[in-house]
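What follows is a short report on a single structure.
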Amino acid sequence: MDAAFKEELIEWGVDWEDVHNRFMGNEDLIAKFMLRFLGDPSMTSLSKYLGEENVSEAFKAVHALKGVSANLGLKGFYSQVYDLTEILRAGTMDGYEPYYDHIKLKYDDLISILRKYQSSAS
């Protein structure tokens, strides 16, 4: 893994110790799975279903995003993803906006980082 890539992930909010332990110290494997996040449909689905006010499908999408976030140590937005999951689990959209706004901003930042290093990791 490129040292600059690692540093940007940490600055973004990746819990490096957690993800490093989870992947048994294999930084190339960490990079591979981080870059796979580019193809994860959870955020796109979440945005779509929130826009449609489809609480049950939005819940499924954010719950999937929560799992991926935990597995990749994406602490930069994990707490907001968790909180949004609980709001939607209750079958409501009341008060979801600040959580979603934070998640979307952090998600976009992470995607920019991943795209920056995508070609060098291939």
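If you read the sequence shown in UniProt numbering, its first letter stands for residue 1, the second for the next number, and so on.
Glycine residues also receive a C-beta, built at the ideal position from the N, C-alpha and C atoms.
Contiguous alpha helix (DSSP H) elements confined to the UniProt domain "HPt" (44 to 110) occur at 55 to 71 and 75 to 89, taking only those with 4 or more residues.
In the same chain as residue 45, and ignoring 5 residues on each side of it, the C-beta atoms closer than 6 Å to its own belong to 61, in chain order. DSSP lists 74 as the bridge partner or partners of residue 14. In the three-state DSSP reduction, residue 5 falls in the helix class (H, G or I).
Put simply, of 34, 5 and 91 the residue whose alpha carbon is nearest the alpha carbon of residue 54 is 91.
Residue 99 is positioned such that its CB atom lies closer than 8 Å to that of residue 80. By the 16-neighbour rule on beta-carbons within 10 angstroms, residue 38 is exposed.
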